[in-house]
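Notes to accompany the following structure.
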Amino acid sequence: MTFLSVVLGFATMVIPRAVTFYVSTGLLALFGVKMLYEGWNMSSDEGREEFDEVSEELRKREEVETVGDQEQGLSTRLPLRRRLRCLGPVTSAIFLQAFTLTFLAEWGDRSQITTIILAARENPVGITIGGTLGHALCTALAVIGGKMVAQRISVKTVTIIGGVVFLLFAATALLHPELGPQGSDLAS
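This is the structure in structure tokens:
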């Protein structure tokens with residue numbers, strides 16, 4: 001996803017720098033305002049509600065799969081499982097589910113659009129490396145400490161902090177002339 005976003009951002013190099021600068025800065029500000037609005041209007045238990053909903057959905061899915069296996073007999077599924085076993089963890093159900101959910105969740109979200117914006121303005125190699133490392137770190141933190149963090153910090157707080165960060169990025173872009181539409185001219 002990060003690489004695709006960088007390619008899309010790099011493709012915008014044909015658009016004048018001033019246009020991409022002001023459009024991207026406007027989008028950063030819009031995301032910030034939208035997140036602040038969502039955060040202020042969110043219930044304090046939003047994270048707990050979502051966690052409970054996902055847990056219940058997973059429990060029901062596991063229940064259905066277990067009943068299906070018992071009714072159909074495990075032998076109907078064994079040949080496919082044996083063939084896929086050689087691919088190891090890449091074909092496990094949890095890997096495929098995590099990959100699919102992450103891919104679909106990331107498609108067109110704020111982080112992808114932000115990566116496109118940054119790649120349109122800055123060095124695509126640096127954005128690819130930084131974006132990939134940032135996404136990997138966030139995913140690792142979510143996997144390792146998600147439950148612990150969700151019990152201590154509300155989704156509302158995280159959303160408000162995210163909104164402030166987006167607004168800070170937009171303000172930084174406007175307040176620093178080297179980041180502006182003539183930024184590359186000022187650096188020379």
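Just so we're aligned: 126 in the UniProt record's numbering is position 126 of the sequence shown, and the numbers increase by one with no gaps anywhere.
Beta carbons are placed, not taken as given, at the ideal position from N, Cα and C, and that holds for glycine.
Here the structure is a predicted model, which is why all the values come from computation and not from measurement.
{"Asked": "Residue burial classification, Gly-6 (beta-carbon count within 10 angstroms, cutoff 16)", "Found": "Just to set this straight, residue 6 is Val in the shown sequence, not Gly. Counting Cβ neighbours within 10 Å, Val-6 comes out buried, since at least 16 surround it."}
{"Asked": "Rounded separation between Phe-166 and Thr-2 - CA only", "Found": "18 Å"}
{"Asked": "Residue range of the alpha helix (DSSP H) that includes Glu-178", "Found": "Where Glu-178 is concerned, there is no enclosing alpha helix (DSSP H), given that its DSSP letter is neither H nor E."}
{"Asked": "Supposed contact pair Ser-24 and Arg-121 - C-beta distance, whole angstroms, cut 8 Å", "Found": "7 Å"}
{"Asked": "DSSP state of Arg-77 mapped onto helix, strand, coil", "Found": "Note that Arg-77 has pLDDT 46, beneath the 50 cutoff, so the model's placement of it is unreliable and no number is given."}
{"Asked": "Environment of Leu-118 [buried if 16+ CB atoms lie within 10 Å]", "Found": "buried"}
{"Asked": "Pairwise C-alpha distance: Leu-174 and Ala-18", "Found": "12 Å"}
{"Asked": "Neighbour-count burial assignment, Ala-170, 16 or more Cβ in a 10 Å radius", "Found": "buried"}
{"Asked": "Span of the alpha helix (DSSP H) around Glu-38", "Found": "17-40"}
{"Asked": "Residue interval of the alpha helix (DSSP H) (run including Ile-153)", "Found": "Segment: none, Ile-153 is in no alpha helix (DSSP H) and carries neither H nor E."}
{"Asked": "CB of Met-42 within 8 Å of CB of Val-149, strictly", "Found": "no"}
{"Asked": "Opening and closing residue of the alpha helix (DSSP H) in which Ser-43 lies", "Found": "Neither: Ser-43 is in no alpha helix (DSSP H) and is coded neither H nor E."}
{"Asked": "Burial state of Ile-129, where buried means 16 or more other Cβ atoms lie within 10 Å", "Found": "exposed"}
{"Asked": "Cβ-Cβ separation, Gly-163 to Gly-26 (assumed contact under 8 Å), whole Å", "Found": "Incorrect: roughly 15 Å between the Cβ atoms, too far for contact."}
{"Asked": "Buried versus exposed call for Ile-144 [16 or more other C-beta atoms within 10 Å across all chains shown]", "Found": "exposed"}
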